[in-house]
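Peer 1:
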Amino acid sequence: MIRVYFILVFLSALGSEVYSQTTTLKFIATWQGESVVLGKQYFSTTLKDSIQFDRLRFYISDLTFVNDSLEKPQGKQHILLDFEKSTTINLDSSMAFEGINFKLGIDSITNVSGAFGGDLDPTVGMYWSWQSGYVNFKLEGKSNALHSSNQKFQFHLGGYSFPNKNVARVSLKTNKNSQNIIELPLDLLFKEIDLSVQNTIMSPSLKAVEMTQTIAGIIQIQK
Amino acid sequence: MKLKFTAFLIILSALFAFQKIEYQVDQFPDYFPAPLYNFSNNPMDTNKVNLGRFLFYDGILSKDNSISCSACHSPFSAFGHNDHQLSHGIHDSIGNRNAPPLFNLAWQPNFMWDGAVNHLDMQALAPISSETEMGSNIADVVKRLQDDPFYRKRFYRAFQDSTVTGERLLKALSQFQLTLISANSKYDQEKKGQVEFTKEELKGYKIFQKNCNSCHQEPLFSTYEMKQNFIALDSNLRDYGQGAITKNATDSLLFKVPSLRNLEFSYPYMHDGRYYELEEILQHYTSKTVQEKFKANGLQKINLSAKDQTDLIAFLQTLNDKEFVFDRQHRFPRELLVKWKEE
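Residue numbers (our numbering), protein chains in the order written: chain A, 63 to 285; chain B, 33 to 375.
#1: Please list, in chain order, the residues of the segment 149 to 160 of chain B that have any C-beta partner in chain A closer than 8 Å.
#2: Excluding the 5 residues preceding and the 5 following ASN329 (chain B) in the sequence, name in chain order all residues of the same chain whose CB lies nearer than 8 Å to its CB.
#3: So which of B:PHE86, B:THR255, B:PRO65 and B:PHE347 has the shortest CA-CA distance to THR230 (chain B)?
#4: How would you call THR149 (chain A), buried or exposed, if buried means at least 16 neighbouring beta carbons within 10 angstroms?
#5: Could you tell me the distance, in whole angstroms, from the CA atom of GLY101 (chain A) to the CA atom of LYS110 (chain A)?
#6: List, in chain order, every chain B residue whose beta-carbon is nearer than 7 Å to that of TYR121 (chain A).
#7: Would you list, in chain order, the members of the segment 163 to 191 of chain A that have their beta-carbon closer than 9 Å to a beta-carbon of chain B?
#8: Using a C-beta cutoff of 8 Å, does SER211 (chain A) count as contacting chain B?
#9: What distance in whole Å lies between the Cβ atoms of VAL186 (chain A) and LEU142 (chain A), which are believed to be in contact at a cut-off of 8 Å?
#10: Do GLY176 (chain A) and LYS73 (chain B) have their beta-carbon atoms positioned less than 8 Å apart in this structure?
#11: From GLY179 (chain A) to ILE171 (chain A), what distance separates their C-alpha atoms?
#12: Out of A:ILE283, A:GLU146 and A:GLY95, point me to the one whose CA is closest to LEU234 (chain A)'s CA.
#13: Which first and last residues belong to the alpha helix (DSSP H) in which PHE88 (chain B) is found?
#14: Given that ILE170 (chain B) touches chain A, what residues does it touch there, using C-beta distances under 7 Å?
#15: Tell me whether ARG366 (chain B) is buried or exposed, calling it buried when 16 or more other Cβ atoms sit within 10 Å of its Cβ.
#16: Does the beta-carbon of ASN79 (chain B) have 16 or more other beta-carbons within 10 angstroms, so that it is buried, or is it exposed?
#17: Using a Cβ-Cβ cut-off of 7 Å (strictly less than) and excluding sequence neighbours within five positions of THR108 (chain A), which residues of its own chain qualify?
#18: Counting only C-beta atoms, is THR197 (chain B) closer than 8 Å to chain A at any point?
#19: Less than 8 Å between CB atoms is the rule here; does GLN287 (chain A) satisfy it with respect to chain B?
#20: Is the beta carbon of ALA190 (chain B) less than 8 Å from the beta carbon of ASP77 (chain B)?
#21: Just checking: is the beta-carbon of VAL81 (chain B) within a distance shorter than 8 Å of some beta-carbon in chain A?
#22: Alpha carbon to alpha carbon, how far is GLN241 (chain B) from PRO67 (chain B)?
#23: Report the CB separation of LEU292 (chain B) from PHE253 (chain B) in whole angstroms; it is logged as a contact under 8 Å.
#24: Using only alpha-carbon positions, find the residue among A:LYS269, A:GLY220 and A:PRO266 that is nearest to ARG119 (chain A).
#25: State whether the segment 155 to 169 of chain A contacts the segment 213 to 230 of chain A, with contact taken as three or more CB pairs (one from each stretch) at a distance under 8 Å.
#26: Going by the beta-carbon positions, is the gap between VAL196 (chain B) and VAL227 (chain B) smaller than 8 Å?
#27: Apart from the five residues just before and just after ALA158 (chain A), which ones in its own chain have a Cβ nearer than 7 Å to its Cβ?
#28: Given that VAL174 (chain B) touches chain A, what residues does it touch there, using C-beta distances under 8 Å?
#29: Taking CB distances under 8 Å as the criterion, tell me whether LYS218 (chain B) reaches chain A.
#30: Should GLU375 (chain B) be counted as a contact of the ligand NAD given a C-beta to heavy atom distance under 7 Å?
#31: Quick one: which chain A residues come within Cβ less than 8 Å of ILE122 (chain B)?
#32: Give me, in chain order, the residues of the same chain whose beta-carbon lies closer than 6 Å to that of TYR308 (chain B); leave out the 5 immediate sequence neighbours on both sides.
#33: Let me check understanding here. Comparing Cα to Cα, which of B:LEU202, B:ASN216, B:ILE126 and B:VAL357 lies closest to GLY305 (chain B)?
#34: How big is the Cα-Cα spacing for CYS408 (chain B) and LYS95 (chain B)?
#35: LYS227 (chain A): which of B:ASP283, B:ASP172, B:ARG200 and B:THR278 sits nearest, CA to CA?
#36: For LEU212 (chain B) versus HIS362 (chain B), is the C-beta spacing smaller than 8 Å?
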């Protein structure tokens, strides 16, 4: 009897090994098709000069897998993608899916509900201190074409209340494999921004909302 | 026998150490509204309150260990900074606002004179990061606390884990500040039927209800809304209040209505600390210039004779809560002196 029990336990463990599956979502930033390395210089045809990115961090929320119009939540509600650390999300999911949905940014309720830990801990550098609210998207860098202080550009995008509510929905059709690469083509973003005019956003504003919408619109699955 | 008594004392002190504070039930009068702070996200606990109290009084939150929260929020000033017009900070810097007194924070919907902070838990981030207050940042503070055996031990007591995080630090600070409840002034005692107002105080109460209660609503003596106080812009400070945060012209010069409790201990008054005497404030609100501005903004005129003003001040003095101001539970914790001596 005991022998039968151990065989059953062994088979069930083996079964879970066979059926459990890890799905990986890897986020990358690109410049003209090349994977961006922070601190490395790239050439901008728009600026006719060099551009480099020193910091890129953003939150995604409410990640779901979509299959046949059905959505299933995946992983933590809020995930910080920090390009100085890790931008890969490993999910224990055996669900077959044809698309993913997520929101770029942190919802209003979380923004007004006090202190949280983990990815939302204010020590990760994504919370304003002089006013309340998460910085949903942070992109910093420099370009020799800029005449601003230290030739730097800084975009800290956030805002949780009308009219500066700064959350954008992203829906992507995915590849049929367990690893999908989600690409943020920064060259496309910088085609929409005249850096000589707009090189700093540091508080909630309509410009921040507009830029977040642009970012959400250019995020794509790498083919 | 002696051994039994010692064991009894140890058990008693252990029980006391783990005693939960029944904050929501016992600590405020029934005529107070329901608190706005969501205690279910940060349940009150004696060890967390104690940790928050150490953090509140320790300069470790500032870059050079020189400025604690209590530097500008002293218990004897109802956790404000009496006799100081503007807040003081690191390297003898001077801020651009008067440090507001701290009490009854669980009932406040927003924090700071400009209402820029939406939750008590997140308020400490502002002074910690301010160049003219503590000159640090939350990540550095967490590292300093993690490197300090005194605090590792107290974080363990509070959270059953010695790991210091931003969330834990902020929630512990909130817990101590949530215990700062002012609800035993003469006004409160009268409400509870324990004492009676004098004739002057009663007259002053009626004058208050007619002229002041719409903004300084009892029993908290503030609606905590953002309002114009119609004082002229200080040309040096150039503080536009909420307008500077929202960038809306309609929010320009709006400041949070302060509570009128504990005025005796928390002078000077207004967001820039320009008035040292209550008489000056009454003169301001009854002046011809302000009355015209009230009229232009559809507000009710305030007419107060000299006698009315005296009676009103008599009533305002009933809002001073000495028991709160001199409460030993809120004072500097002596264990910090031992810690500092050992360092």
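Backbone N, C-alpha and C fix where the C-beta goes; we use that ideal spot for every residue, glycine too. These figures come from a predicted structure and were not determined experimentally.
Peer 2: Concretely, from the data shown:
#1: Only VAL149, ASN150, HIS151, LEU152, ASP153, MET154, LEU157, ALA158 and ILE160 from the segment 149 to 160 of chain B bring a Cβ to less than 8 Å from some Cβ of chain A.
#2: Here the question's residue 329 (chain B) lines up with position 297 in the second sequence. Within the same chain, ASN329 (chain B) has close Cβ partners GLN260.
#3: Residue 230 (chain B) sits at position 198 when you count from the first residue of the second sequence. Ranking the options by Cα distance to THR230 (chain B), first place goes to B:PHE347.
#4: For this step, residue 149 (chain A) is matched to residue 87 along the first sequence. THR149 (chain A) should be labelled buried.
#5: For the purposes of this step, residue 101 (chain A) is taken as the residue at position 39 of the first sequence. For the purposes of this step, residue 110 (chain A) is taken as the residue at position 48 of the first sequence. Whole-angstrom Cα-Cα distance: 19 Å.
#6: Counted from its first residue, the first sequence places residue 121 (chain A) at position 59. In chain order: nothing, as chain B lies at least about 16 Å away.
#7: ASN173, VAL174, SER175, GLY176, ALA177, PHE178, GLY179, GLY180, LEU182, ASP183, PRO184, THR185, VAL186, GLY187, TYR189, TRP190 and SER191
#8: On the first sequence, residue 211 (chain A) is found 149 positions in, with the first residue counted as 1. For SER211 (chain A), the answer is no, since every Cβ of chain B falls outside 8 Å of its Cβ.
#9: The residue you call residue 142 (chain A) lines up with position 80 of the first sequence. The residue you call residue 186 (chain A) lines up with position 124 of the first sequence. Indeed they touch by this definition, with Cβ atoms about 6 Å apart.
#10: One-based indexing of the second sequence puts residue 73 (chain B) at position 41. One-based indexing of the first sequence puts residue 176 (chain A) at position 114. The question names Lys, but residue 73 (chain B) in the sequence shown is Asn. Yes, these two residues count as a Cβ contact at 8 Å.
#11: What you label residue 179 (chain A) is simply residue 117 of the first sequence in a count that begins at 1. What you label residue 171 (chain A) is simply residue 109 of the first sequence in a count that begins at 1. Distance between the alpha carbons of GLY179 (chain A) and ILE171 (chain A) is about 16 Å.
#12: Working through the first sequence from its first residue, we reach residue 234 (chain A) at position 172. Checking every option, the nearest Cα to that of LEU234 (chain A) belongs to A:ILE283.
#13: One-based indexing of the second sequence puts residue 88 (chain B) at position 56. It spans 78 to 89 - the alpha helix (DSSP H) in which PHE88 (chain B) sits, taken as one unbroken run.
#14: Along the second sequence, read from residue 1 onward, the residue named residue 170 (chain B) stands at position 138. Here the neighbours are PRO184 and THR185.
#15: One-based indexing of the second sequence puts residue 366 (chain B) at position 334. Exposed, because fewer than 16 other Cβ atoms sit within 10 Å of the Cβ of ARG366 (chain B).
#16: Residue 79 (chain B) sits at position 47 when you count from the first residue of the second sequence. Taking all protein chains shown into account, ASN79 (chain B) has 16 or more neighbouring C-beta atoms within 10 Å of its C-beta and is therefore buried.
#17: Within the first sequence, residue 108 (chain A) is the residue found at index 46, counting from 1. Correct list, in chain order: PHE252 and LYS253.
#18: Reading the second sequence from its first residue, position 165 is the one you call residue 197 (chain B). So yes, THR197 (chain B) belongs to the interface.
#19: Only positions 63 to 285 of chain A appear in the structure, and residue 287 (chain A) is not among them; the question remains open.
#20: Taking the first residue of the second sequence as 1, we reach residue 190 (chain B) at position 158. Taking the first residue of the second sequence as 1, we reach residue 77 (chain B) at position 45. ASP77 (chain B) sits close to ALA190 (chain B), with the two beta carbons spaced by under 8 Å.
#21: Position 49 of the second sequence, counted from the start, is the residue given in the question as residue 81 (chain B). Answer no: the Cβ-Cβ gap between VAL81 (chain B) and chain A never drops below 8 Å.
#22: Stepping through the second sequence from its first residue, residue 241 (chain B) is reached at position 209. Stepping through the second sequence from its first residue, residue 67 (chain B) is reached at position 35. Their Cα atoms are separated by approximately 23 Å.
#23: Translated into the one-based positions of the second sequence, residue 292 (chain B) becomes position 260. Translated into the one-based positions of the second sequence, residue 253 (chain B) becomes position 221. The pair is a contact, with the Cβ atoms about 4 Å apart (cut-off 8 Å).
#24: Numbered from its first residue, the first sequence carries residue 119 (chain A) at position 57. Taking only the C-alpha atoms, the option nearest ARG119 (chain A) is A:GLY220.
#25: yes
#26: Here residue 196 (chain B) refers to the residue found at position 164 of the second sequence. Here residue 227 (chain B) refers to the residue found at position 195 of the second sequence. VAL196 (chain B) places its beta carbon 8 Å or farther from that of VAL227 (chain B).
#27: The count along the first sequence starts at 1 and reaches residue 158 (chain A) at position 96. Correct list, in chain order: ASN129.
#28: Taking the first residue of the second sequence as position 1, residue 174 (chain B) is located at position 142. By Cβ distance, chain A contributes THR185.
#29: Translated into the one-based positions of the second sequence, residue 218 (chain B) becomes position 186. Not closer than 8 Å to any Cβ of chain A, the Cβ of LYS218 (chain B) fails to qualify, so no.
#30: Within the structure as shown, the ligand NAD is missing, as the structure has no ligands at all.
#31: Here residue 122 (chain B) is taken as the residue at index 90 of the second sequence, counted from 1. The premise fails here: ILE122 (chain B) is roughly 15 Å from chain A at the closest Cβ pair, so nothing lies under 8 Å.
#32: In the second sequence, counting from the first residue as 1, residue 308 (chain B) sits at position 276. The residues are TYR299 and PRO300.
#33: Sequence index remark: in the second sequence, residue 305 (chain B) carries index 273 (1-based). The shortest C-alpha to C-alpha distance from GLY305 (chain B) to any of B:LEU202, B:ASN216, B:ILE126 and B:VAL357 is the one to B:ILE126.
#34: A query on residue 408 (chain B) cannot be resolved here, the shown segment of chain B reaching from 33 to 375 and no further.
#35: For this step, residue 227 (chain A) is matched to residue 165 along the first sequence. Per the Cα distances, B:THR278.
#36: Counted from its first residue, the second sequence places residue 212 (chain B) at position 180. Counted from its first residue, the second sequence places residue 362 (chain B) at position 330. Yes; because the gap between Cβ atoms is below 8 Å, this pair is in contact.
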